[in-house]
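Undergrad: Sharing a structure with you now.
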Amino acid sequence: MTPQLLYLVFGVGAPVAAALFALFLIRGIGRHSPGTDRMQRIAALIRAGAMAFLKTEYTVLAGFVAIMFIILWAFLPGDSLRTGVAFLVGALLSASAGWIGMRTATSAAVRTTHAATSSLSSALRVAFSSGAVMGLTVVALGTLGIAVLYYAYGGLSGAGASAVESLFGFSLGASSIALFARVGGGIYTKAADVAGDLSG
């Protein structure tokens, strides 16, 4: 295979296929019943709380991302602007994956609970589909983001080394958002557990 064909197959084709399969799973989850009215009311409250947390977290992280972009642009040697742009793209795609995952998880939770009233296998199918959506979305957005930036930075035109050098900003942006999401999400869920224990 030529480098261009490898790029199209693995850099573009694979993430697009992953994204389409994730969409297929999301539609499959949506076809399951969300349960009784009481279950749906509780699920709506959980979803509202989770999305409010995510909105607040991303608002704070937007400031961090902006500051980091300025630092990378101002102080990195070489083509720092391209590295900074890659950082922004990585952060944006990582945040997008988190948003999609949160929406899917909060939608699937009540459907998993209702499916468990009929059979364990049905509940497991919904739960596994929800988890697979997050994994596939991360892979799809991450791989496609790198592929697009590699092409935009001239990686297929003989400037592969400099393109790869600039792409480290992408991994820094994506992993930074993932790190804060993990830590912040852990604190949020622990606070929710404590509140549940106190009120229960």
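According to our numbering, the sequence shown is numbered sequentially starting from 80.
Every residue, glycine too, gets a C-beta built ideally from N, C-alpha and C.
Roughly how many angstroms lie between the CA atoms of Y127 and S208, to the nearest whole one?
TA: Residue identity check: residue 127 is Ala in the sequence provided, not Tyr. Their Cα atoms are separated by approximately 22 Å.
Undergrad: With a CB to CB cut of under 6 Å and the five nearest residues on each side skipped, what residues in its chain are close to V189?
TA: Result list for V189: P113, G114, M118 and A122, in chain order.
Undergrad: Can you tell me the Cα-Cα spacing of G157 and G109, whole angstroms?
TA: Approximately 48 Å, taken between the alpha carbons.
Undergrad: Am I right that L151 and G92 are in contact with their C-beta atoms under 8 Å? What's the rounded C-beta distance?
TA: At roughly 31 Å, the Cβ-Cβ gap does not stay under 8 Å, so L151 and G92 are not in contact.
Undergrad: Since P94 is in the alpha helix (DSSP H), which residue starts that stretch and which ends it?
TA: A93 to G109
Undergrad: Would you call the region 124-144 in contact with the region 212-221, where contact means no fewer than 3 C-beta pairs closer than 8 Å?
TA: The region 124-144 is not in contact with the region 212-221.
Undergrad: Can you list, in chain order, the residues of its chain with a C-beta nearer than 8 Å to that of V69? Leave out the 5 residues immediately preceding and following it.
TA: No information on residue 69 is available, as it lies outside the stretch 80 to 279 that the chain covers here.
Undergrad: Please state the DSSP three-state secondary structure of S197.
TA: coil
Undergrad: Tell me which same chain residues have a C-beta within less than 6 Å of the C-beta of G263, skipping the five on either side of it?
TA: E136
Undergrad: When we look at the beta-carbon of S161 and count the other beta-carbons within 10 Å, is it buried (16 or more) or exposed?
TA: It should be noted that the sequence gives Arg, not Ser, for residue 161. Answer is buried; the Cβ neighbour count reaches 16.
Undergrad: Pick from L102, F132, L172 and G90: whose alpha carbon is nearest that of I256?
TA: The candidate whose alpha carbon is nearest that of I256 is L172.
Undergrad: Please classify T183 as buried or exposed, where buried requires at least 16 neighbouring CB atoms within 10 angstroms.
TA: buried
Undergrad: Are the beta-carbon atoms of F166 and F154 separated by less than 8 Å?
TA: no
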